[in-house]
Amino acid sequence: MSGHAIEDGPAGIDDDWFSEPERLVDPYVAGKGGESLDERTRLRHERDFWRGLFDQLVAELPEGVLITDREGSLTHWNDKLGTDLRVPREEAVGERAADVIDPEGKSEPLSDEILRRGEPVAEDDVREVPTTDCIFQVYGIPLRDPDGDVTGAFVVAPDVSEHVDRQRELERLQREVRTEVSGRVDDVVTTVDDVASFAEETEAFAGEQAERMHEVAEEVSNLSAAVEEIAASAAQVETASEHAAERAADGETAAAAADEAMRDVDAAAAEVTGTVETLRDQAEAVDHITAVINTIAERTNLLALNASIEAARAGEAGEGFAVVADEVKSLAEESQEEAEKISDIVARIQARSGETADQLEAMADEVERARERVARVTGALESIVTAAEETVDGTGEIATATDEQAASAEEISAMIGEAVEELEAMERRIEEVAATADEGREHARAVEAEVSSLTE
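Shown next, in the form of C-alpha cells:
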C-alpha cells in the first residue's frame, strides 16, 4: 500500500492548547490532594491522568485504532478494530501488528511503514483484509518521546466498506451508464455519420441533378427553338405547297391546251398528208403527161427528120417544107427538153412529196407519242395538285402542332427552371443538414468523451 505524508497536529487547535496541559491535569491532581502532595506523587497522578485519557481516546474513538511500540508490537487495540478484524484485544495486544493484521505477509502494515519512515502517512488506496469483509482507509502518525525519537506508531483504520461499496456501485453504474450511453452514443454517432454521409451523397446527387436539369433546360430551349423553326419551315412549306398546287394546276391547264394543240396538229398533219397524197397523184399525172409529150416530141422530131429527108429529095420544091420541118424539129426538141425539165421537176416533187409524207407520218407518230406524254404529264400534274393540296392541309396541321409543341416546350422549360431552383434550394438545405449532422457528430463524440471520463 502506498501513502502520503500528513501534517502534524489536529486542525483547529492552536499551539497554546499543548503548552498549557495544566488546564486538563490540574483539576485532577487537585482532587487527589493538590498542593499537599509531594512531587513524586503529583507526577504519578499526572501520569495516570494522561494514561487514562490516552486509553480513553483509543477505546472510545468510533474508528478502529491500534498502537505499536518501536518494535512493531501492539500495545493498544480498541474494540472497534477487534470487531472489524474479528480479533479480540486480548489476542492482539503483545503480538506484532504484521502477524495479526496480515499473517500471510502479503503487505506491510501501515504502522511498520510509519516506524520506518518516521512521518505521518495516509494511504491513498484501501486495504482489504482476508479475514473480514471490512475495507479500511488507513492513516497514522509516529509517536515520539520528549527527545523526539520515534517510540511507536498510532494508526487509525476507519471502516470505509459502505463508502467503498457505494463507490464501487457508483463505478459499476457508471460503467453500465458509460456502456449503455456509449452504445447509444455510438449508435447516435453512427446514425449521424450515416446522415452526414447520406446528406453528402444527397448533396452531390442534387448537384448532379441540378446540372443535368440545367442541361435538360438548355436542350428543351434548343428544342423549343427548333420547333419554332420547324413551325416557320412548315409555314413556308405550306406556302410553297400552295404555290406548287397553283403551278401544277397551271401546268395541268397548259398540258390540256398542249393536248388540244397536239390534236389540232394531228388533224392538220392528216390534212397535209391528204394534200401531199393528192399532189403525188397529180405529179404522177403530170409525169404521165410529160411522158406523153416526150413521146409526141420524139415522134414529132422523127417526123421532122423524115420531112427533112423528103424535102431534101424534093430539091428546090421541098425547100419550104424543109424549113417547116426544121422548125417543127426545133419545136419538138424544145418540147422534149421542156418535157424532160417538167419530168425532173415532177420527179423532185414526187420525191419531196414522198419525203413529206414520210415526215408527216413520222410527225403523226411523234404527235401521238407527245399526246401520250402530255396525258401522263396531265395525270402527274393532277397527282401533284392532289398531293400539294394534301401537303397544304398536312403542313397546316404540322404548323399548328409545332406551334402547340413550341408552347409546350416553353412551359416545360419554365417548369424545368422551377425544378432547377427547387433542386438548388434543396442542395442548400442539404448543405445545412450536412453541417448540422457534422455538429451533431461532434456533440455526440463530446458526449461520448464526457461519459468515458465519468469512470476515470
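The sequence shown begins at 21 in my numbering and counts up by one. We put the CB at the ideal spot given by N, CA and C, even for glycine. Computed from a predicted structure; not experimentally measured.
Where the beta strand (DSSP E) containing residue i begins and where it ends
i: T88; result: 84-89
i: L163; result: 159-164
i: E143; result: 141-143
i: L94; result: 94-97
Whether residue i touches residue j by CB criterion (9 Å)
i: A173; j: I87; result: yes
i: G114; j: S131; result: no
i: R389; j: D279; result: no
i: E360; j: T310; result: yes
i: A342; j: N321; result: no
i: A371; j: A345; result: no
i: A324; j: V306; result: no
i: Q379; j: N314; result: no
i: G168; j: V141; result: no
i: P108; j: A117; result: no
i: P166; j: E139; result: no
i: D152; j: R106; result: The sequence given here places Thr at residue 152; Asp does not occur at that position. The answer is yes: Cβ separation under 9 Å.
i: R300; j: G374; result: yes
i: R90; j: T171; result: yes
i: D122; j: V149; result: yes
i: E447; j: G203; result: no
i: A230; j: E452; result: no
i: V146; j: V184; result: yes
i: L398; j: E272; result: Checking the displayed sequence, the identity of residue 398 turns out to be Thr instead of Leu. Yes.
i: D213; j: R461; result: yes
Neighbour-count burial assignment, residue i, 16 or more Cβ in a 10 Å radius
i: S403; result: exposed
i: I329; result: exposed
i: V158; result: buried
i: K126; result: exposed
i: K100; result: buried
i: F38; result: Reliability fails at F38, whose pLDDT of 45 lies under 50, so the model's placement of it is uncertain and the value that follows must be treated cautiously. Counting Cβ neighbours within 10 Å, F38 comes out exposed, since fewer than 16 surround it.
i: F74; result: exposed
i: P82; result: exposed
i: D104; result: buried
i: H308; result: exposed
i: D206; result: exposed
i: D35; result: For D35, the pLDDT reaches just 47, beneath the cut-off of 50, and the residue's location in the model is therefore unreliable, although a value from the coordinates is still provided. Classification of D35: exposed, given that the 10 Å Cβ count is below 16.
i: G84; result: buried
i: L135; result: buried
i: V312; result: exposed
i: H263; result: exposed
i: I33; result: Interpretation of I33 is limited by its pLDDT of 42, a score under 50 that renders its predicted location unreliable; no figure is taken from the coordinates.
i: D364; result: exposed
i: G29; result: In this predicted model, G29 has a pLDDT of only 46, less than 50, meaning its place in the structure is not dependable enough to derive any value.
i: D179; result: buried
i: N98; result: buried
i: E3; result: Because residue 3 is not part of the residues shown, which for the chain are 21 to 476, the question remains open.
i: R198; result: buried
i: A290; result: exposed
i: A469; result: exposed
i: A112; result: buried
i: A367; result: exposed
i: A317; result: buried
i: A454; result: buried
Bridge partners - residue i, DSSP secondary structure assignment
i: F174; result: I87, I161
i: R62; result: BP columns for R62 are empty, so no partner.
i: E148; result: I155
i: D179; result: F156
Where the alpha helix (DSSP H) containing residue i begins and where it ends
i: R137; result: 130-137
i: E115; result: Per DSSP, E115 belongs to no alpha helix (DSSP H) and is neither H nor E.
Proximity test, residue i beta-carbon vs the ligand GDP heavy atom, cut-off 8 Å
i: A303; result: Although the ligand GDP was asked about, the structure shown includes no ligands whatsoever.
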